[in-house]
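Novice: One structure coming up, written as structure tokens, with questions to follow.
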Amino acid sequence: MGHWIYLIVPICLYLMFFVVPIVWTFWLSLHSWNGISRDMKWVGGGNFMTLFLQPRFHHAVVNNIAWLIFYLLAPSGLGLLLAVILDRGIRFEGFFRIVFFLPFTVPAVAVAAIWRWMYEPTNGLITTVLNTVGLGGWAQNWLGDPNIVTFSLMGSVLWWTTGFAFLVFFAGLRNIPVECIEAAQIEGATPWQIFWRVTFPLLWPSTIIVLGLAAIDAMRVFDIIWATTMGGPAYASEVMATQMYEIAFGRLEMGRASAIAVYLLVIAGVLIMPYITYMSRRVADSEDS
Amino acid sequence: MTRTPILPYIIAIFMVVLFMAPLVVAAMTSLKSPSELTQVLHLPTELYFENYVRAWQQMGRTFINSLLITGPAVLFSILVGTMAAYPLAYMRGRGGKLVYFLLLTGMLVPFQIVQIPLFLIIRWLGLYDTIPGMWLVHTAYAVPFCTFFMRNFFATVPQSMYEAALIDGCSKFGFLWRLLIPASTAGLSALAIIQSRYIWNDLLFAITLTNSDQARPATAAIAGFASGLQVEYGPLMAATLISVVPVMLAFLLFQKAFVRGLLGGAGK
Amino acid sequence: MSKRTGFLGALLLGTALTFGSTAMAEEAELWHFFSSGSEAEGLEALMAVTNGINSDQPITSRVFPGNILEMRRAIQTSLMGGNPPAAYGSGFGYELKIFADAGHLRPLDDVWERIRGDEIFPEGVKRVTMVDGHPMGIPFDLSLINNIFFNKKVLEDNGVEVPTDWDSLVAACDALRDAGVQPLANAGGPYWSMYNFYPALISTVGVDGYYALADGSMSFDSPEFREALDLFRNTLVSCYAENWSGKSWTQSGDDLVNGDVGMFMMGMWLGGYMRQAGFEPEVDFDFFPAPGTENLAIFQMDLFAIPAGTGPATEAGVAFAEAAASTAAQAAFTVPKGSIAPNLEVDPSIYDAVGAKASAELKNAEAVLPNLVFMLPTNLGTELGVQLERFAIDPSEETENEMITTLEALRVELQAENAFVKW
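Rendered as structure tokens:
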């Protein structure tokens, strides 16, 4: 029973700062309102229906799913690789650690500006390097081609957020009792076997953090897209969060924007929550074993 | 462990090049005079420090605000997260699971949409445009993430240890304070670094909930260099590089805790 | 633990409330988003003038980094919280109407009369400052958006004459392309392709047609609109540089400075940007009006609007708006920024070469036309920008048809809601 005391503050904060705004958003989503006028019109499920039938909205959802796949695989995988390399003992480890974490500390506005230079299609760094090594044919209109703009944005996000996964995995590796690994070494296991049989299972809590947050970030991804392309060209790089913002303040349709927020919550809930609960249960199992 | 394989070095150095290239461009830009900015990839002909002066002038007080906001907010958010994670990691039964699940759902809320109700709540509390208002908001919105994070780190300390400690007469708080927290130093440090970075780099809450130099953080000043029609790339990059320093210091400070063996002693 | 937690909570709340209560001072504030560079400099100079005039009721400024979307959000939240600023930087036309319709703006008829608004501002400016016959803002910053800038050296080196009509423009593009130079820059984003489209639109439907599109009486599936799109496709769109959609407008500006591209149709702020990069007006670059707009001026404009209220802050806001219309205040803002003053009584000799030329264009124009996008209902204006960017990237029949269907459906919907305005 005494446990509940610890939860009072978090739950109060949660009710005030999460539940109240969510209820407000849901209520707004049932109206047509420009955010400024005094009259709100009740439209019931109208906003939800409009979005449900709208190709523009479908496109944003599809992009979010692409981001989900990307976030789960790329920054997490690369972060794990880097953490393992450093954890196994390497010279200048401190230097590498700083460099791998550094991009994560750059504010989004600056990431967007920097990567605009990286991706400048004729004189940018990437195109220039490709031309220099004789792969000029691979150069693309990185941010201007509707078919590849999302992939380009993923590139900048990979640079930006790998530091997070790296850090969590690194901390997780350092939390693993060294005896476990030593024991395996004495038994003559190869490093590869040690990693998959000993280290990786013990790293499971860190993996949950990284993958759980990756999934959530993928659903909520906003600032880097907004600051780089504003969802363009012509909606090509839109995700639900940027579309919501554009509809709310670019078109002054607060009701419809709120409906996107509700969809986002529900879609994310359906896609992600079962998986987080599943993973959390595996932690519980490993605790008991 | 005596062999020194070459592959890890190749990968690490390759990644260093990839990770540093954009930052080198940023650093070069921060040292260019306006007339050189059109040649992004060229080296600056002379070192032009005026951008740093401009950056510092515009950031001015906001840099101190950022420090005043981030320090306590990181502390409070970790404290609240740890408090919530502890019972959730050891509580059995449906109640705990449900609370945990609900808290996690909070992570899915897109923050852009909560701005208007949030603004009204903060004004109602009389905390609009104040540094404590920013503490409160950053603490509140960090609850799900910090809880999630710490709960998973606590999970490395087995349930059996908890039960054994209670049988030995250790109080619940004593277990948290004397065993669990020391055993989770690496996790706490990682969380401190991550929270420092999130709070330090927040722009959305900053522009919604503050509007003057008495509370506005540095990110708002940095964004100011890239606002409206004009973008001042020189000062923007200079300001960015300045703003990276405190987070890196936090990183260097807290990463000291990533020393192997802390749990080795406490755990088994 | 519970005691300790409680104590911490109380401490947190206690400090919070002490700090909080001191922060609620009522001041007369101007909110704006001119946070960087010459715009920030201009605003500071303008405030110095206005506060000099109104030394008894000065006003302070608050900058909101971001663009017009952020400004809308800030004003909207402040209105809901019941503490709007004394004045804010606004767009014109529909941007004013949204707030005015909700009763959130103070009509400025009295100020307008005192500053002789009908005399000092051009007709086109007046039309989009009025909502239902009442002035709702005071214009202070104007930029023409119908000019094509060019790199003088690039054109001269390749023996290309400054174009004067659509045919010579296309011929110039061909000549530049043959010489290995990309002819015409453009940039990604929902505005620039739309601004580039206006000359083609006016060439096809004339000034009356332009206003007809703005007030919803011309349909998007009309043959005229399609004809305008075809003209756009065959002229400017055919001239665009490779990969233009992947560049920001400043990156395309860099291309113009570096001679990688010959011309760039952009608002006057491009002149300011190039000057900052050490590129001299009339020496290194110049501009000419886009074909079809030779005797016209199409403008983008900023105004100050005053939220409705009765307190001393509102009074200060009104006094500020009046002072901001003065020639001194308008000169103070526009000279550093490199734009021009909407107040025609401002002496043109204060401008640099670009400003002087643009100011002459504005004064001598047969018609001064407001930027179409801000005369359209916000939703339709935004959609038009996106659709035109899409069309400029892929000017196929298919895109054209889809675009027309989308826009026309939206127009019909908005007309049913009576959303259009006859400016």
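Chains as they are written, first to last, in the numbering used here: chain L, 302 to 590; chain A, 149 to 416; chain X, 5 to 427. Backbone N, C-alpha and C define an ideal beta-carbon position, used for all residues, glycine too. Being a predicted model, the structure only gives us computed values, none of them experimental.
#1: Do the CB positions of V563/L and P265/A come within less than 9 Å of each other?
#2: Can you tell me whether E426/A is buried or exposed? The criterion is at least 16 other CB atoms within 10 Å of its CB, across all chains shown.
#3: To the nearest angstrom, how far is the alpha carbon of E554/L from that of R76/X?
#4: Throw me the rounded Cβ distance for the L252/A and F296/A pair, which I believe falls under 8 Å.
#5: Which residues in chain X have a C-beta closer than 9 Å to the C-beta of G219/A? List them in chain order.
#6: Closest to A345/X by C-alpha separation, out of A281/X, K157/X and L148/X, would be which residue?
#7: Taking the DSSP output, what are the residues bridged to E33/X?
#8: So for M317/L, helix, strand or coil by DSSP?
#9: So is M28/X buried or exposed if we call it buried at 16+ other beta carbons inside 10 Å?
#10: For the candidate residues E480/L, I370/L, G445/L and L381/L, whose alpha-carbon lies nearest to that of I159/A?
#11: From G276/X, S242/X, A371/X and F144/X, pick the residue whose C-alpha is nearest to that of A335/X; which is it?
#12: Got a sec, what are the start and stop residues for the alpha helix (DSSP H) A420/A sits in?
#13: Are any of the Cβ atoms in chain L nearer than 9 Å to that of D258/X?
#14: Is it the case that the Cβ atoms of L185/A and D259/X are separated by a distance below 9 Å?
#15: What residue from L401/A, F162/A, P170/A and L352/A has the CA that sits closest to L426/L's CA?
#16: Between the C-alpha atoms of V416/X and F358/L, what's the straight-line distance to the nearest angstrom?
#17: The ligand ATP and N151/X: does any heavy atom of the ligand fall closer than 8 Å to the residue's C-beta?
#18: Roughly how many whole angstroms lie between the Cα atoms of W110/X and A312/X?
#19: On the premise that K101/X lies in contact with V425/X, defined as a C-beta separation below 8 Å, what is that separation, rounded to the nearest angstrom?
#20: Quick test of the definition: if touching needs 3 or more C-beta pairs under 8 Å, does the stretch 243–255 of chain X touch the stretch 209–228 of chain X?
#21: From which residue to which residue does the alpha helix (DSSP H) around I398/X run?
#22: Where do the N-terminal and C-terminal ends of the alpha helix (DSSP H) with A49/X fall, by residue?
#23: Straight-line CA distance for T168/X to S400/X?
#24: Does the beta carbon of R271/A sit closer than 9 Å to a beta carbon anywhere in chain X?
#25: Nearest to I577/L by alpha carbon, out of Q486/L, A560/L and P506/L?
#26: Drop a sphere of 10 angstroms on the beta-carbon of C313/L, count the other beta-carbons inside from all chains shown, and report buried for 16 or more, exposed for fewer.
#27: At the level of alpha carbons, what is the spacing between L401/A and T54/X?
#28: With 16 other CB atoms within 10 Å as the buried threshold, where does G208/A fall?
#29: Could you check whether F327/L and L387/L sit closer than 9 Å to each other, using their CB atoms as the reference points?
#30: List the residues of chain A that Q186/X touches, going by C-beta distances under 8 Å, in chain order.
#31: Looking at the structure shown, is V363/L part of a helix, part of a strand, or coil, going by DSSP?
#32: According to DSSP, simplified to helix, strand and coil, what is A375/L?
#33: At which residues does the beta strand (DSSP E) containing Y157/A begin and terminate?
#34: Leaving aside the five residues before and after P89/X along the sequence, list all residues of the same chain whose C-beta is less than 6 Å from its C-beta, in chain order.
#35: Please name the residue, chosen from W283/A, A203/A and M176/A, that lies closest to A366/A on a Cα-to-Cα basis.
#36: If the cut is a Cβ gap below 9 Å, which residues of chain L does G313/X touch?
Specialist: Well, looking at it:
#1: The residue you call residue 563/L lines up with position 262 of the first sequence. The residue you call residue 265/A lines up with position 117 of the second sequence. Contact: no.
#2: Within the shown structure, residues of chain A are numbered from 149 to 416, placing residue 426/A beyond reach of any answer.
#3: For the purposes of this step, residue 554/L is identified with residue 253 of the first sequence, where counting begins at 1. For the purposes of this step, residue 76/X is identified with residue 72 of the third sequence, where counting begins at 1. If you take the alpha carbons of E554/L and R76/X, they lie about 12 Å apart.
#4: Residue numbering aside, residue 252/A sits at position 104 when the second sequence is read from its first letter. Residue numbering aside, residue 296/A sits at position 148 when the second sequence is read from its first letter. Indeed, because the Cβ distance is near 6 Å, the residues count as touching under 8 Å.
#5: On the second sequence, position 71 is the one that residue 219/A refers to. Neighbours of G219/A on chain X: none; closest Cβ ~13 Å, over 9 Å.
#6: Here residue 345/X corresponds to residue number 341 of the third sequence, with the count starting at 1. Considering only alpha carbons, the answer is L148/X.
#7: Taking the third sequence and counting its residues from 1, one reaches residue 33/X at position 29. The partner list for E33/X (beta bridge, DSSP) reads T64/X.
#8: For the purposes of this step, residue 317/L is identified with residue 16 of the first sequence, where counting begins at 1. Helix.
#9: The residue labelled residue 28/X in the question sits at position 24 within the third sequence. Summary for M28/X: the model assigns pLDDT 38, below 50, so the residue's position carries little reliability, and this model does not support an answer.
#10: Position 11 of the second sequence, counted from the start, is the residue given in the question as residue 159/A. Between I159/A and the set E480/L, I370/L, G445/L and L381/L, the nearest pair of CA atoms involves L381/L.
#11: The sequence position of residue 335/X within the third sequence is 331, counting from 1. Minimum Cα distance to A335/X is reached at F144/X.
#12: Outside the shown range of chain A, which is 149 to 416, sits residue 420/A, and nothing can be said about it.
#13: As a position in the third sequence, residue 258/X is number 254, starting the count at 1. Yes, contact with chain L.
#14: If you number the second sequence from 1, residue 185/A lands on position 37. If you number the third sequence from 1, residue 259/X lands on position 255. Taking 9 Å as the cut-off, the beta carbon of L185/A is found no closer than this to the beta carbon of D259/X.
#15: Taking the first sequence and counting its residues from 1, one reaches residue 426/L at position 125. Checking every option, the nearest Cα to that of L426/L belongs to P170/A.
#16: Position 412 of the third sequence, counting from 1, holds the residue named residue 416/X. Position 57 of the first sequence, counting from 1, holds the residue named residue 358/L. One C-alpha to the other measures close to 21 Å.
#17: Absence of the ligand ATP is noted for the structure shown, with no ligands found whatsoever.
#18: As a first step, residue 110/X is located in the third sequence; it is residue number 106 there, counting from the start. As a first step, residue 312/X is located in the third sequence; it is residue number 308 there, counting from the start. The amino acid at residue 110/X is misidentified as Trp; the sequence shows Arg. About 4 Å.
#19: Taking the first residue of the third sequence as 1, we reach residue 425/X at position 421. Taking the first residue of the third sequence as 1, we reach residue 101/X at position 97. Yes, V425/X and K101/X are in contact; Cβ-Cβ is about 6 Å, under 8 Å.
#20: Touching, no.
#21: Position 394 of the third sequence, counted from the first residue, corresponds to residue 398/X. For the sequence presented, residue 398/X should be read as Asp rather than Ile. No alpha helix (DSSP H) contains D398/X, which DSSP labels as neither H nor E.
#22: For the purposes of this step, residue 49/X is taken as the residue at position 45 of the third sequence. For A49/X, the uninterrupted alpha helix (DSSP H) segment begins and ends at G41 to I57.
#23: Position 164 of the third sequence holds residue 168/X. Position 396 of the third sequence holds residue 400/X. For T168/X and S400/X, the distance between alpha carbons rounds to 27 Å.
#24: Position 123 of the second sequence holds residue 271/A. For R271/A, the nearest CB of chain X lies under 9 Å from its own CB, placing it at the interface with that chain.
#25: Your numbering for residue 577/L matches position 276 in the first sequence. For I577/L, the nearest C-alpha among the options comes from P506/L.
#26: In the first sequence, the residue the question calls residue 313/L occupies position 12. The residue in question, C313/L, is exposed, as its Cβ has fewer than 16 Cβ neighbours within 10 Å.
#27: Position 253 of the second sequence, counting from 1, holds the residue named residue 401/A. Position 50 of the third sequence, counting from 1, holds the residue named residue 54/X. Straight-line Cα distance between these residues: approximately 50 Å.
#28: One-based indexing of the second sequence puts residue 208/A at position 60. Classification for G208/A: exposed.
#29: Within the first sequence, residue 387/L is the residue found at index 86, counting from 1. Within the first sequence, residue 327/L is the residue found at index 26, counting from 1. No, the Cβ-Cβ distance between L387/L and F327/L is not below 9 Å.
#30: If you number the third sequence from 1, residue 186/X lands on position 182. Q186/X does not reach chain A, its nearest Cβ partner there being about 16 Å away, counting only Cβ pairs nearer than 8 Å.
#31: Your numbering for residue 363/L matches position 62 in the first sequence. Looking at V363/L - three-state DSSP - the assignment turns out to be helix.
#32: If you number the first sequence from 1, residue 375/L lands on position 74. For A375/L, the secondary structure class from DSSP, reduced to helix, strand or coil, is helix.
#33: Reading the second sequence from its first residue, position 9 is the one you call residue 157/A. Here Y157/A belongs to no beta strand (DSSP E); instead the alpha helix (DSSP H) covers L155 to S178.
#34: As a first step, residue 89/X must be located in the third sequence, where it is residue number 85. The residues are E33 and W35.
#35: Position 218 of the second sequence holds residue 366/A. The shortest CA-to-CA distance from A366/A to any of W283/A, A203/A and M176/A is the one to A203/A.
#36: For the purposes of this step, residue 313/X is identified with residue 309 of the third sequence, where counting begins at 1. One finds nothing in chain L with a Cβ atom closer than 9 Å to the Cβ of G313/X; even the nearest lies about 16 Å away.
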